[in-house]
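Participant: If you read the sequence shown in our numbering, its first letter stands for residue 728, the second for the next number, and so on.
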Amino acid sequence: MAKNEEFDLFAITPEMERYASLCEEHSTIDTSLYEKYDVKRGLRDINGKGVLTGLTEISDIQSSKIVDGKSVPCDGKLFYRGYDIEQIVAGFIKEKRFGFEEIIYLLLFGDLPKAEELADFRALLARYRSLPTNFVRDIIMKAPTKDMMNTLARSVLTLYAYDEKANDTSRANVLRQCIELIALFPQLAVYGYQAYCYDNDRLNNSFFIHSPRPELSVAENILHMLRIDSKYTELEARILDLALVLHAEHGGGNNSTFTTHVVTSSGSDVYSVIAAALGSLKGPRHGGANIKVVEMFEAMKAEIDDWTDEGKVADYLRALLHKQAFDKAGLIYGMGHAVYSISDPRANIFKSFVHNLAKEKGMEKEYGLYSLVETLAPKVIAEERRIYKGVSANIDFYSGFVYHMLGLPTELFTPVFAMARIAGWSAHLLEEQINVGKIIRPAYKSISEVRDYVSMDER
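#1: Please state whether the Cβ-Cβ distance between F1077 and Y1097 is less than 8 Å.
#2: Would you kindly report the start and end of the unbroken beta strand (DSSP E) that includes P1142?
#3: I'd like to check one pair, A846 with L971: are the Cβ atoms closer than 8 Å?
#4: Would you identify the three-state DSSP class for P941, choosing helix, strand or coil?
#5: So, I1059 versus A1029, is the Cβ gap smaller than 8 Å?
#6: I need the DSSP call for R824, collapsed to helix, strand or coil.
#7: Going straight from the alpha carbon of R965 to that of H1131, what length do you get?
#8: Of all the alpha helix (DSSP H) runs that stay within the bounds of the segment 745-800, which reach a length of 4 or more residues?
#9: Let's see if you can read the secondary structure: which residues bound the alpha helix (DSSP H) around M1132?
#10: If you run the structure through DSSP and keep just helix, strand and coil, what is G1095?
#11: So who's on the other strand from L962, going by DSSP bridges?
#12: What's the gap between the Cα of L1048 and the Cα of I1108?
#13: Does the segment 905-913 touch the segment 849-861, meaning 3 or more C-beta pairs lie closer than 8 Å?
#14: Which word fits T1102, buried or exposed, when buried means at least 16 other C-beta atoms lie within 10 angstroms of its C-beta?
#15: For L943 versus H951, is the C-beta distance shorter than 8 Å?
#16: Contact defined as beta carbons within less than 8 Å: I believe M875 pairs with G919. What is the distance between those atoms, to the nearest angstrom?
#17: Report the rounded CA-to-CA distance for R1186 versus R1178, giving the unit in angstroms.
#18: How would you call V794, buried or exposed, if buried means at least 16 neighbouring beta carbons within 10 angstroms?
#19: With DSSP as the reference, label G1061 as helix, strand or coil.
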């Protein structure tokens, strides 16, 4: 390169392509060796069952039952602290309460709160919804990015610098930090999105900040802060609240929660733990899956002229599996789950409320297409794939559709998941710290050959 030639930091040069090829050449492992050495790839056995790596009291997932001494698939069940999620939802819906704050209390402290305890806890959350002075101006509005998960992670790590007791790992202080982050996540994400829009010429250049209101629920505050007129219907707020409840926790083995356990076991601070969990959740194989569902349906709607034609829809699903449609990844997004087979209880709970929202929004035709795909996809997958367990719609199948109907920008789909799941992460962080044992350090077997050092002039 000439002395004064400008270097493009973001260019993928032939030199970089060559380096990438070297990386691939010397990092590709023969897949047969995983079976030879009985390596549980992804910490899952050959039947897809997770390798047992820990114990938890926070939640339980059931997808099978023992019949005549054999394990057989059953309708999925999800329990928070021993309570069936279906019963919890039925309870607060019947009593016309918002449920997410109650779920945060349950996950952190182990019991359903009494009315006075819930009121006190809601007031505590409200008190922590206060960002440091000039944080929005100095941090959120500086170098905005289109990826709100990165914005969240950056904000979380920066909050460390504002905390006088950032490294204090005493129980009460860690709990204080967790509750503060739970309270602040909606603001960090929504304000980050608004800063991105203001900085982007193709989007709305107006910038507004609505401070959270103490009398509102978490779900209500999200809609209040996001919309310029702060208006929303009761159904909109209640279905967003339900989404938060259903995403709040899902066992210790999911990728981001396991990340929480791993980083906590090293003795790191709360801010680093939560930032690591955010990095995990961001991935399209985890929290970003509902975006793929929405994009897949948009492509499907453009290709199929009659959304009620079962034959045309089934043909499109086959095209997806054969890598001939949408992103050509060979996947029907939103179908199947690592644990559930017959049904995902979260998707079942969500579905009836989704239909009500679709009616309110005049999107029953789209809802009909989602329902048809939910019915047809398991049959098509069974015909086209060799599978070891059943396939059903998961929570991501409907959540993206719900967020779309609520008018949430795609950039906030995964952050909404994070706003919910931080409740579970916090409970697991505390559980790992309380039951402190050894640092989590699984083994990797080296398959490289030992070589003699070669001097520079002989290479």
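Ideal Cβ positions, reconstructed from N, Cα and C, are used throughout, including at glycine.
Facilitator: According to the structure shown:
#1: The answer is no: Cβ separation not under 8 Å.
#2: Premise fails: P1142 lies in the alpha helix (DSSP H), F1140 to I1161, not in any beta strand (DSSP E).
#3: Taking 8 Å as the Cβ cut-off, L971 and A846 do not qualify as a contacting pair.
#4: Reduced to three states, the DSSP call for P941 is coil.
#5: No, the pair does not count as a contact, with Cβ atoms beyond the cut-off.
#6: In this structure, R824 counts as coil in the three-state DSSP scheme.
#7: Computed Cα separation, rounded: 15 Å.
#8: Contiguous alpha helix (DSSP H) elements confined to the segment 745-800 occur at 759-763, taking only those with 4 or more residues.
#9: Where M1132 is concerned, the enclosing alpha helix (DSSP H) stretches over I1122 to M1132.
#10: Three-state DSSP puts G1095 in a helix.
#11: DSSP lists no bridge partner for L962.
#12: One alpha carbon belongs to L1048, the other to I1108, and they sit about 8 Å apart.
#13: Three or more pairs of CB atoms, one per stretch, sit closer than 8 Å, so the segment 849-861 contacts the segment 905-913.
#14: So T1102 ends up on the exposed side.
#15: When the beta-carbon positions are compared, L943 and H951 come within less than 8 Å of each other.
#16: About 5 Å; that satisfies the 8 Å criterion.
#17: Each residue's Cα considered, the two are about 13 Å apart.
#18: Counting Cβ neighbours within 10 Å, V794 comes out exposed, since fewer than 16 surround it.
#19: Coil, per DSSP.
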